[in-house]
Amino acid sequence: MHVAILGATGVVGQEILSVLEQRDFPVTTLRPLASPRSAGRTVTFRGRAIAVEAAGPDSFAGMDVVLASAGATVTRELAPAIRKSGAVLIDNSSAFRMDADVPLVVPEVNPEALPAHRGVIANPNCVAIILTVAVAPIHRAVGIRRLVVSTYQSASGAGLAAMQELRSQARDVLEGREPVPRALPHPIAFNVFSHNAAIGPEGYNGEETKVMRETRKILSDPDLAITATCVRVPVLRAHTESINLTLARPLSPERARALLAQAPGVEIVDDWERNLFPMPAIASGRDAVYVGRIRRDLSQPDGMGLDLFVCGDQLRKGAALNAVQIAEAVVASRAAKVPAAPAEVAHG
Ligand SMILES: NC(=O)c1ccc[n+]([C@@H]2O[C@H](COP(=O)([O-])OP(=O)(O)OC[C@H]3O[C@@H](n4cnc5c(N)ncnc54)[C@H](OP(=O)(O)O)[C@@H]3O)[C@@H](O)[C@H]2O)c1
């Protein structure tokens, strides 16, 4: 496969490179693309330094797949050229996620949505990916009527600059200097603040709106009652989520634990004796969505309410890994469409 990485110098782009390498994705040629600021830089892939090119409409000729993580504005601008090249665009930004003809795919949750793509497949918001991997098995088994999610989101969710800002501000505070916010609106070191996305007319910020809309689309449940509160915490990577569910039919915590233990992409960390539950220190750099604190919500009728505490690395499952899994599915569907070589005809 001829693969272009649009946004290869960013924190998600770098993670895509390692996931492609780790999963031995069949890369024939790799074209790392970024802004003109990065022209002349290199990225490392399979031990080789590859020059980064400035992305433009001519960057995609001959490519089979474009893995994009350069933000919605850049994707929107370059999408017509990508479509024209014939490459499949797998996009990490919010540009096309809610378009009716664009599948929004979490391979463990709604792989059936993928074949309908018309050249563009959207990778969902990172919170929505981690959330749906954890709740889809419960939704399938008994139905979820209402979902309340509160997040503890890492700095790297806002890009490389925000991740670097957490490191430098932590040093500043420890050495007695005032932390100066640049990439994020408020000090991130030793602080917690409401997610930095803009607040809309109903008081939800843009991240919360994405989580609510996208979760409904991924679960194919437009009527799901869902509310989200998204918060930034001083963690380098991995998002944590507190999830409260109101179920359509009763489900005991024991049955929920058994369902989740078998669910693809989920690992249970639910050790009540050692007080050991999902956390970024466990999830960082790993592929699974970790689920724990599986317990009955005592405020609801028996069996109808469930609480979960979930953590996943948003740079991996929330972005790069999910995108590469989609690319793997694209490769598999192409292989399935290639007609088998004609059997040799025996001449008598
Ligand atoms: N961070 C996450 O956890 C996460 C999770 C899911 C989805 N996403 C989405 O993924 C996208 C990238 O996020 P990120 O966190 O990786 O951001 P980032 O670290 O700031 O990286 C942004 C990338 O986009 C490139 N870029 C910027 N302007 C460009 C232009 N005009 N033309 C071509 N490339 C350009 C940058 O290149 P230069 O280095 O040259 O500036 C860089 O490679 C965003 O849409 C984000 O919402 C992020």
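This note's numbering numbers the first residue of the sequence shown as 508 and each following residue consecutively. Yeah, the Cβ is synthetic: ideal placement off N, Cα and C, and Gly gets one too.
- Closest option to Ala696, judged by alpha-carbon separation, among Ala704, Pro686, Ala690: Pro686.
- DSSP places Gly520 inside the alpha helix (DSSP H), whose first and last residues are 518-529.
- Counted as a single uninterrupted DSSP element, the beta strand (DSSP E) harbouring Glu774 occupies residues 773-775.
- Distances taken from the Cβ of Thr516 to the heavy atoms of ligand 1 include one shorter than 7 Å.
- If you look at Gly713, you'll find it in the alpha helix (DSSP H) that goes 713-725.
- When the alpha-carbon of Gly593 is set against those of Leu585, Arg604, Ala568, Ala575, the nearest one is in Ala568.
- DSSP places Val837 in the helix class (H, G or I) of the three-state scheme.
- In this structure, the alpha-carbon of Pro587 lies about 18 Å from that of Ala607.
- Taken through DSSP and simplified to helix, strand or coil, Gly819 comes out as strand.
- Your pair Val572 and Val609 does not check out as a contact, with CB atoms roughly 16 Å apart and the cut at 8 Å.
- Closest option to Ala579, judged by alpha-carbon separation, among Val559, Met605, Asp565, Ala558: Met605.
- Between Val699 and Val656, the C-beta spacing is not below 8 Å.
- In this structure, the C-beta of Asn703 stays at least 7 Å away from each heavy atom of ligand 1.
- Counting only unbroken stretches of 4 or more residues, the alpha helix (DSSP H) elements lying wholly within the segment 656-711 are 667-681, in sequence order.
- With at least 16 other beta carbons inside 10 angstroms of its own, Lys824 counts as buried.
- Taking 8 Å as the cut-off, the beta carbon of Arg744 is found closer than this to the beta carbon of Leu822.
- As the crow flies, the alpha-carbon of Asn751 is around 13 Å from that of Thr639.
- Annotation: the continuous beta strand (DSSP E) that includes Glu748 extends over 746-754.
- Three or more Cβ pairs closer than 8 Å define a contact, and the segment 512-528 meets that threshold against the segment 659-676.
- In the assembly as shown, Glu560 is a buried residue. Its beta-carbon has 16 or more other beta-carbons within 10 Å.
- Collapsing the DSSP output to three states places Gly812 in a strand.
- Rounded to the nearest angstrom, the Cβ distance from Pro564 to Ser840 is 27 Å, too far for a contact under 8 Å.
- Here DSSP, grouped into helix, strand and coil, assigns Pro785 to coil.
- Judged by beta-carbon spacing, Leu574 lies within the 8 Å limit of Ile512, meaning their Cβ atoms are closer than that value.
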